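Here's the structure we're looking at; comments come further down.
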Amino acid sequence: SSASKEGYPHFMLKEIHESPIAVKDTISGLLSEIDKVSEIAEEIRESSRIIITAAGTSYHAGFYFSLLLSRKGYMSIPLIASEYHNFRAKKGDIVIAISQSGETLDVKMGIRKFKEEGAKIIALTNVIESDIARESDYKLYMRAGPEIGVAATKTFTSEIASLLFLYSLIEKESMSYLESAHETVRNVITETEGFAKKIGEELANKNNAYYLGRGLGVPLAMEGALKIKEIAYIHAEAYPAGESKHGPIALVENGFPIVFINDGELVDELEKNLQEMKARGGKTYSISVNKRLNFADTEILVNTDEKLSSLAIAPIIQLIAYYASVKRGYDPDKPRNLAKTVTVE
Ligand code: G6P
């Protein structure tokens, strides 16, 4: 009903706008059980390998977390939930299962198998006392509130916030940067929504797009491509930008849209990839945090603590997809062929 959308035309837009409060509640919730979360962080630190299993948007949050860990020398493996047959766990392993609903069957099947093989399981879910939480040794909750839109939005942002929190505990680093996380998300939405709408409406006229990033920007590029595919039915692929030379660039011709996710870290390298795309007529967009990506045709630039870059990028890629969907005349809350929770293999 329109009442529960609180004046927003769609749940998706309402839920993107709820991201700041979702992040705030997530972080204060984790702070309120800091002893338990510290114990989990200790288990992760002491483990021999960290396997992260999840599907869809939750997989992208998991992949992001895995990159944070492997950068620090941890043995971390991101695993698409349905591919659990391809991994054999053993004693000493920690498996982190990330699932908004806590019900995704592929995730459930995987943790059952890994548990039998001797791993300890940590669940990160939004739904409290979900199947996946109940079957796990340790339960972490994000507190994003209910999400009605089929395509995950605020729960992705809350997953990232939860994982940053956990990461900082694992690394025993100061968590003070997280105090302003919700403000960053709020400011980003306020400052960029109009620009994201413009980009989304331009992309609505296209049938294909690339999302390119480097480093920690890669999972965000993957999420950007997934979102626009899910709700605007635009064929979009994400690549690590450096890999785009090995195939994807063959398709780039006049007007082909490429969205660059620039988290501020590997800007010079990304800029070279952008130039290669432009030289072939590609229409380039950049979503940049802290440092400009020169030569992009259209740029969104936001400033925040570099550790919060992913939280700043998340609502922007969601808004782009939302406005592309609406412009194409679709209902972003109910994408065809997709379900909020997938309980089949
Ligand atoms: C479905 C939803 C996605 C979601 C994925 C994983 O595909 O449409 O939005 O990311 O399931 O769901 P989960 O509840 O496990 O996070």
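Under my numbering, the sequence shown has 50 at position 22, and the numbering climbs by one with no breaks.
By construction, the Cβ of each residue, glycine as well, lies at the ideal position given by its N, Cα and C atoms.
The structure displayed is predicted, hence computed values, not measured ones.
Host alpha helix (DSSP H) of residue i (start-end)
| i | result |
| --- | --- |
| P343 | S337 to K355 |
| F284 | Counting along the chain, F284 falls outside any alpha helix (DSSP H), and DSSP gives it neither H nor E. |
| H88 | G84 to R99 |
| A189 | K182 to I198 |
| V317 | Segment K311 to V317 is the beta strand (DSSP E) holding V317; no alpha helix (DSSP H) there. |
| L168 | Not the alpha helix (DSSP H): L168 falls in the beta strand (DSSP E), residues Y166 to Y169. |
| P247 | G245 to A260 |
| M137 | L133 to E144 |
Heavy atom of the ligand G6P within 8 Å of residue i beta-carbon
| i | result |
| --- | --- |
| A266 | no |
| S127 | yes |
| S86 | yes |
| L366 | yes |
| V123 | no |
| A179 | yes |
| E46 | no |
| E219 | no |
| A237 | no |
| T54 | no |
| V370 | yes |
| E43 | no |
| G241 | no |
| T185 | no |
| G130 | yes |
| A8 | The shown model of the chain, from 29 to 373, leaves out residue 8, and the question about it has no answer. |
| V216 | no |
| V354 | no |
Residue i, buried or exposed, once every other Cβ within 10 Å from all chains shown has been counted against 16
| i | result |
| --- | --- |
| Q303 | exposed |
| P360 | buried |
| G222 | exposed |
| L194 | buried |
| E258 | buried |
| F284 | buried |
| I62 | exposed |
| H88 | buried |
| E299 | buried |
| M103 | exposed |
| V51 | buried |
| F323 | exposed |
| G275 | exposed |
| P343 | buried |
| R364 | exposed |
| V317 | buried |
| R171 | buried |
Per-residue DSSP class, three states only, for residue i
| i | result |
| --- | --- |
| V155 | coil |
| K118 | coil |
| K225 | helix |
| E265 | strand |
| R77 | strand |
| V372 | coil |
| V216 | helix |
| V65 | helix |
| I160 | helix |
| S29 | At S29 the pLDDT is 48, less than 50, meaning the model places this residue with poor confidence; the figure from the coordinates comes in the next sentence. In the structure shown, S29 sits in coil (DSSP, three-state: anything other than H, G, I, E or B). |
| S127 | strand |
| K42 | helix |
| I72 | helix |
Alpha-carbon spacing of residue i relative to residue j, whole angstroms
| i | j | result |
| --- | --- | --- |
| L240 | V246 | 7 Å |
| L58 | I68 | 12 Å |
| A117 | I105 | 11 Å |
| E43 | D53 | 14 Å |
| I72 | V354 | 42 Å |
| E400 | E34 | Summary: the structure shown does not reach residue 400, with the chain confined to residues 29 through 373, and so no result is reported for it. |
| Y205 | Y36 | 31 Å |
| A161 | N114 | 23 Å |
| I328 | S86 | 25 Å |
| S272 | H263 | 16 Å |
| V286 | L133 | The amino acid occupying residue 286 in the given sequence is Ile; Val does not appear at that position. In a straight line, the C-alpha of I286 is about 34 Å away from that of L133. |
| I198 | A278 | 42 Å |
| E293 | G243 | 8 Å |
| D325 | K311 | 7 Å |
| I345 | M305 | 20 Å |
| S29 | L336 | Here the model assigns S29 a pLDDT of 48, short of 50, so the residue's position is not dependable, and the following value carries that caveat. The straight-line gap from Cα to Cα measures roughly 34 Å. |
Extent of the continuous beta strand (DSSP E) to which residue i belongs
| i | result |
| --- | --- |
| N236 | N236 to G241 |
| E327 | T326 to V330 |
| L59 | Looking at the DSSP string, L59 is not in any beta strand (DSSP E); the run it does join, the alpha helix (DSSP H), is S47 to S60. |
| L302 | Segment V295 to A307 is the alpha helix (DSSP H) holding L302; no beta strand (DSSP E) there. |
| L107 | S104 to I108 |
Residue i beta carbon near the ligand HEM (any heavy atom closer than 8 Å)
| i | result |
| --- | --- |
| E258 | The ligand HEM is absent from the structure shown, which contains only the ligand G6P. |
Below-9 Å beta-carbon distance, residue i vs any chain B residue
| i | result |
| --- | --- |
| T85 | No chain B appears in this structure, which consists of one protein chain only. |
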